[in-house]
Each structure stands twice: as structure tokens, then as C-alpha cells.
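In what follows, a single structure is set out as C-alpha cells and then discussed.
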Amino acid sequence: MEQGQAPREYYRDENGVHPFFGIIWHEVGAAGEPAFENSWANVGGDYNPCAFGLDVEGKLHLKGRVAGGMANTAMYTLPASFRSGKTQLFAVVTEPDYGQLSVGSDGAVKLVT
Numbered sequence: 657m658e659q660g661q662a663p664r665e666y667y668r669d670e671n672g673v674h675p676f677f678g679i680i681w682h683e684v685g686a687a688g689e690p691a692f693e694n695s696w697a698n699v700g701g702d703y704n705p706c707a708f709g710l711d712v713e714g715k716l717h718l719k720g721r722v723a724g725g726m727a728n729t730a731m732y733t734l735p736a737s738f739r740s741g742k743t744q745l746f747a748v749v750t751e752p753d754y755g756q757l758s759v760g761s762d763g764a765v766k767l768v769t
């Protein structure tokens, strides 16, 4: 973190209020956040909801488990401030096999085959 950069959030514990420099998660489908697309949705239950966030170094993090959509269709689209300008591919576990998650330069997040 650059010197003088303000924290994005604060948390409170028994010792007072402290700056939080971690990831602020944005849940897909929540009010004011990107919507699910193409029939994709959270699995629910014990699984984290689908969310994305930037760490203090500007690296994108994704979490959650989704289902219901078709491969090669956008699950959701990241806001412009979360896009890298290049398409990135990540290995992911899918049922019944493995797959690739594509985060496109246009912000589209897809399971690709």
C-alpha cells in the first residue's frame, strides 16, 4: 500500500476502531452490484455467495459457487474499475471435471470449455 493511502473500511473490536486494508467483497446479485446473467445463480447452502473484490495491491479475487447457466456464457460482468484490460484464464473445479474460468477484458466472467 502506498504511503498516505486511506483505508477503504473500518472494523470495531474490543480494543476500538481500526482501519481495514483487506478485501471488500462485492456480492453478485446484491443491490447496487452486478447482476447474474444467463441463468447463473448462487448454489447457496454452505457455499459462499459469488463475490469479487480487489486487495490492497489491486489484485482481483473471486469466491463462491454458482450453477444453472451454460458454459461459455457470461455469469456476470465486472465493473470497469475491476477489469485488467487483458483476458485472464484460471483453472477451476467443476462438476464432474475441471474447467477454466475466463475473466475477459470486457469484464465478462465465464466458465469456458
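Residue numbers for the sequence shown follow the numbering used here, so the first one is 657 and each next one is one higher.
Yeah, the Cβ is synthetic: ideal placement off N, Cα and C, and Gly gets one too.
Because the structure is a prediction, the values reported are computed rather than measured.
Exposed is the label assigned to residue 736, since fewer than 16 other Cβ atoms lie within 10 Å of its Cβ. Residue pairing by DSSP places residue 715 opposite no residue, since no beta bridge is assigned to it. 693 is the residue among 748, 693, 720 whose C-alpha sits nearest the C-alpha of residue 763.
Put simply, the backbone Cα of residue 759 is about 25 Å away from that of residue 702. The residue among 745, 712, 695 with its C-alpha nearest the C-alpha of residue 681 is 712. Shown here, residue 686 sits in coil according to DSSP, grouped into three states, outside any helix or strand. Annotated three-state conformation of residue 758 is strand, per DSSP. A Cβ-Cβ contact shorter than 7 Å links residue 704 with residue 719. Burial state of residue 742 is exposed, judged by a 10 Å Cβ sphere holding fewer than 16 other Cβ atoms.
Annotated as proximal: residue 766 and residue 730, with beta-carbon spacing under 7 Å.
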